[in-house]
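**Q** So that we are looking at the same thing, I have put the structure below in structure tokens.
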Amino acid sequence: MLSNIRIVLVETSHPGNIGAVARAMKTMRLSDLRLVRPKLYPNAEATARASGADDLLARARVHGDLAEALGDCRLVVGASARLRSVEWPQLDPRSSAGKLLPEAAQGSVAVVFGRENSGLTNEELSLCNYLVHIPSNPDYSSLNLAMAVQVVAYELNMADLSAGGRLCPEILPEAAPPELMAGFYRHLEQAMVDIGFSDPSRSERLLLRLRRLFARARPDRDELNILRGILSACQGRKSMRTE
Ligand code: SAH
């Protein structure tokens, strides 16, 4: 199950952190590292800090954007050092492992970590079904990136060890992958403008709330197609269904 869990780092600035993440992952039996637009990579400092986990580093895949890195992941959890103004369903690392493992038994899942200086944007966050926050000092809650990965990875490893391969999950429906969700959100935003419902320059918060609703509902591909059909019809781009 651990092999279906990918760790995604978004726009990491310090290559040393990338190496330290590889090491944190390998100690906890994780192996799938994805890098979204890393500032400096490949890099000798990353290799040095990986110290023995450079095999994992060599296999790391680099992506142009987050949705692409998430590919067909059925569940995505975003790691955040801060509490957000729009509340997203939030878990601690132990309960996030409890959600991720049963889904990893059925397909790919991901945990996403943000930039060292600014974390994840709201748009990136809205591709996540949950947030994971490591309980920490409220006045000083930001861990070093690799240390945050270590804590989350430790809980995943522990959860896997205690399941002992016996995890026999209920069959969970397959949610539409993040790339399709990103396309749906763009369509929704455009449709809201086209039908005169909202002014895009003033609707960031509204859009975030709507994304949170769909992240919670986790529609499958067919449900998303129905919703997109309705949006197209509202935009006058589609004739009425006859069935
Ligand atoms: N200054 C940034 C924090 C960046 S730390 C901010 O304000 O958001 C780099 C990344 O490590 C974060 O984006 C997050 O993914 C992870 N991280 C750091 N501390 C964390 C915590 N307490 N809980 C969960 N993730 C954390």
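In the numbering used here, the protein residues as written are 63 to 305.
Positions of the beta carbon are idealized from the N, C-alpha and C atoms, including for glycine.
No experiment lies behind these values; they were computed from the predicted model shown.
(1) Run through DSSP, which three-state label would serine 75 get?
(2) Taking the CB atoms as reference points, tell me whether valine 173 and isoleucine 288 lie closer together than 7 Å.
(3) Starting from histidine 125, follow its DSSP beta bridges and name the residues at the other end.
(4) For a quick check, are the C-beta atoms of proline 240 and leucine 272 less than 7 Å apart?
(5) Below 8 Å on the Cβ atoms is my guess for leucine 145 versus valine 138; work out the distance and round it to an integer in Å.
(6) Aspartate 116 to alanine 122, Cα distance in whole Å?
(7) Measure how close the beta-carbons of asparagine 219 and arginine 299 come, nearest whole angstrom, since I'm counting them as under 8 Å.
(8) Am I right that aspartate 284 and alanine 237 are in contact with their C-beta atoms under 8 Å? What's the rounded C-beta distance?
(9) Between glutamate 130 and alanine 225, what straight-line distance do the alpha-carbon atoms span, to the nearest angstrom?
(10) Please report the distance separating the alpha-carbon of valine 124 from that of leucine 97.
(11) Hey, would you say the C-beta of serine 188 is under 6 Å away from at least one heavy atom of the ligand SAH?
**A** So, to answer that:
(1) One-based indexing of the sequence shown puts residue 75 at position 13. Of the three classes helix, strand and coil, the one that applies to serine 75 here is coil, per DSSP.
(2) Against the sequence shown, residue 173 aligns to sequence position 111. Against the sequence shown, residue 288 aligns to sequence position 226. Not in contact: valine 173 and isoleucine 288 (Cβ atoms no closer than 7 Å).
(3) Residue numbering aside, residue 125 sits at position 63 when the sequence shown is read from its first letter. Bridge partners of histidine 125: Val98.
(4) Here the question's residue 240 lines up with position 178 in the sequence shown. Here the question's residue 272 lines up with position 210 in the sequence shown. Cβ distance not < 7 Å, so proline 240 and leucine 272 don't count as in contact.
(5) For the purposes of this step, residue 145 is taken as the residue at position 83 of the sequence shown. For the purposes of this step, residue 138 is taken as the residue at position 76 of the sequence shown. In fact, because the Cβ distance is near 19 Å, the residues do not count as touching under 8 Å.
(6) Translated into the one-based positions of the sequence shown, residue 116 becomes position 54. Translated into the one-based positions of the sequence shown, residue 122 becomes position 60. For aspartate 116 and alanine 122, the distance between alpha carbons rounds to 10 Å.
(7) Position 157 of the sequence shown, counted from the start, is the residue given in the question as residue 219. Position 237 of the sequence shown, counted from the start, is the residue given in the question as residue 299. Contact doesn't hold; Cβ gap of about 49 Å is too wide.
(8) In the sequence shown, residue 284 corresponds to position 222, counting from 1. In the sequence shown, residue 237 corresponds to position 175, counting from 1. Between alanine 237 and aspartate 284 the Cβ distance is about 11 Å, and since that is not below 8 Å, they are no contact.
(9) For the purposes of this step, residue 130 is taken as the residue at position 68 of the sequence shown. For the purposes of this step, residue 225 is taken as the residue at position 163 of the sequence shown. Between the alpha carbons of glutamate 130 and alanine 225 lies a distance of about 31 Å.
(10) Indexing the sequence shown from 1 puts residue 124 at position 62. Indexing the sequence shown from 1 puts residue 97 at position 35. Cα to Cα, the separation comes out at about 5 Å.
(11) For the purposes of this step, residue 188 is taken as the residue at position 126 of the sequence shown. Shortest gap from the CB of serine 188 to any heavy atom of the ligand SAH: 6 Å or more.
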